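Quick note, our numbering runs 160 ahead of the 1-based positions in the sequence shown.
Structure first, commentary second.
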Amino acid sequence: MKKSLRAAGITDRGRVRANNEDRYLIVGENSLQVFAVADGMGGHAAGEVASAMALDAIQDYLNHHQEDLIAKAVEGESLQSSLEAMLAAANEKVFHTGKTKPEYSGMGTTLTLLLFVLESCWLAHIGDSRAYLLRQNKLVPLTEDHTLVSQLVKNGQISEEESVDHPQRHILTRALGTDHETTFDVLPVEVKPGDRLLLCTDGLHGFVAEEEILAVASQNKEPAEIVGDMVILANEKGGMDNITIVLIEVV
Ligand code: MG
Numbered sequence: 161m162k163k164s165l166r167a168a169g170i171t172d173r174g175r176v177r178a179n180n181e182d183r184y185l186i187v188g189e190n191s192l193q194v195f196a197v198a199d200g201m202g203g204h205a206a207g208e209v210a211s212a213m214a215l216d217a218i219q220d221y222l223n224h225h226q227e228d229l230i231a232k233a234v235e236g237e238s239l240q241s242s243l244e245a246m247l248a249a250a251n252e253k254v255f256h257t258g259k260t261k262p263e264y265s266g267m268g269t270t271l272t273l274l275l276f277v278l279e280s281c282w283l284a285h286i287g288d289s290r291a292y293l294l295r296q297n298k299l300v301p302l303t304e305d306h307t308l309v310s311q312l313v314k315n316g317q318i319s320e321e322e323s324v325d326h327p328q329r330h331i332l333t334r335a336l337g338t339d340h341e342t343t344f345d346v347l348p349v350e351v352k353p354g355d356r357l358l359l360c361t362d363g364l365h366g367f368v369a370e371e372e373i374l375a376v377a378s379q380n381k382e383p384a385e386i387v388g389d390m391v392i393l394a395n396e397k398g399g400m401d402n403i404t405i406v407l408i409e410v411v
């Protein structure tokens with residue numbers, strides 16, 4: 161059965177930060193669609209340059225490789241290597257700019273992306289933005305945060321509860337563009353009609369509890385209304401960071 165997707169994205173500066181260094185991408189139609197959020201980091205305006213540059217590089221890759229990706233999906237081939245090539249190209253672009261322009265030195269970005277090609281869906285991820293699957297009134301995390309704190313939880317050094325307001329919770333262990341070579345998490349995702357998928361930066365998941373995200377995400381509303389409600393909620397919690405959300409509904 162042919163799936164169709166309905167989606168909406170939103171980005172908001174929040175109530176505290178002077179700039180918005182988050183970006184999102186919604187691109188493509190029918191046989192190939194891409195959704196992504198990116199949360200840039202770096203001094204001055206470098207964070208927004210990194211997130212915008214990464215998403216531009218992805219758009220550029222898609223412009224050149226769309227037919228190739230569709231051909232692979234028609235053959236039932238894995239899209240893993242294509243996604244890795246796409247992310248490596250984005251990484252190279254951001255890393256090179258950071259290396260050659262002193263004002264952008266050390267910049268980087270998170271990236272959490274969903275690629276839908278024909279009947280297949282793939283997730284690619286680096287950093288601490290997140291993807292969730294909403295199915296049967298449960299919010300299932302699809303990503304792991306690449307943070308020092310999530311590493312400490314994994315190693316049993318601190319508890320999940322201690323991680324929530326840990327002073328070092330923003331320290332990333334991996335990001336796009338900060339190193340010449342990096343590893344991305346790339347995996348296929350099974351989706352079916354009725355599912356909703358949520359991509360968000362830490363301006364949402366860092367301040368709004370998962371139960372509250374679930375309550376808003378499962379409302380019987382249009383994706384555009386839901387993402388708007390989520391921004392209102394994050395701002396009610398103080399809007400301490402930039403807030404970016406993409407919600408996709410599989411119809
Ligand atoms: Mg953030």
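Think of the CB as a built atom: it goes at the ideal place given N, C-alpha and C, for glycine as much as any other residue.
Every value quoted in this text rests on a predicted model; they were computed, and no experiment measured them.
Tell me which same chain residues have a C-beta within less than 6 Å of the C-beta of residue i, skipping the five on either side of it?
{"i": "Y184", "result": "G169, T171, V197, T404 and V406"}
{"i": "V349", "result": "C281 and L283"}
{"i": "A205", "result": "none"}
{"i": "V300", "result": "L293"}
{"i": "A249", "result": "A217 and Y221"}
{"i": "E409", "result": "R166, R356 and P383"}
{"i": "G188", "result": "V194"}
Taking residue i as the reference, which of the options has the closest Cα?
{"i": "G399", "options": "A167, K163 and R173", "result": "R173"}
{"i": "L275", "options": "S191, A212 and G363", "result": "S191"}
{"i": "N180", "options": "E382, E371 and T269", "result": "T269"}
{"i": "A477", "options": "H365, E371, G363 and L357", "result": "In the structure as shown, the chain begins at 161 and stops at 411. Residue 477 is therefore absent and cannot be evaluated."}
{"i": "H306", "options": "M213, G287, I318 and N297", "result": "G287"}
{"i": "N251", "options": "G200, R290 and C360", "result": "G200"}
{"i": "D325", "options": "G366, T342 and K314", "result": "G366"}
{"i": "G202", "options": "D182, I186 and Q219", "result": "D182"}
{"i": "K298", "options": "S164, A375 and Q219", "result": "A375"}
{"i": "E227", "options": "A212, S323, P262 and V277", "result": "V277"}
At a threshold of 6 Å, does residue i count as lining ligand 1 (C-beta to nearest heavy atom)?
{"i": "G354", "result": "no"}
{"i": "D216", "result": "no"}
{"i": "G363", "result": "yes"}
{"i": "D325", "result": "no"}
{"i": "D199", "result": "yes"}
{"i": "D220", "result": "no"}
{"i": "D401", "result": "yes"}
Quick one: residues in its chain with C-beta nearer than 8 Å to the C-beta of residue i, no 5 flanking neighbours on either side, listed in chain order?
{"i": "M161", "result": "With a pLDDT of only 48 at M161, under the threshold of 50, the placement of this residue in the model should not be trusted, and no figure is reported."}
{"i": "V209", "result": "G200, G202, T257, Y264 and M267"}
{"i": "T342", "result": "N251, I286, R334, A335 and L336"}
Pull up the CB-CB distance for residue i and residue j, whole angstroms please, since I reckon it's below 8 Å.
{"i": "G316", "j": "M267", "result": "Wrong, their Cβ atoms sit about 33 Å apart, outside the cutoff."}
{"i": "L239", "j": "L229", "result": "6 Å"}
{"i": "S242", "j": "H224", "result": "In fact, because the Cβ distance is near 11 Å, the residues do not count as touching under 8 Å."}
With a threshold of 7 Å on Cβ separation, who are the neighbours of residue i within its own chain once the five nearest residues in sequence on each side are excluded?
{"i": "E244", "result": "F344 and V346"}
{"i": "S265", "result": "G258"}
{"i": "V368", "result": "L393, A394 and K397"}
{"i": "L308", "result": "Q328, I331 and T333"}
{"i": "E372", "result": "L393"}
{"i": "C360", "result": "V197, S289, R290, T404 and I405"}
{"i": "K253", "result": "M213 and A217"}
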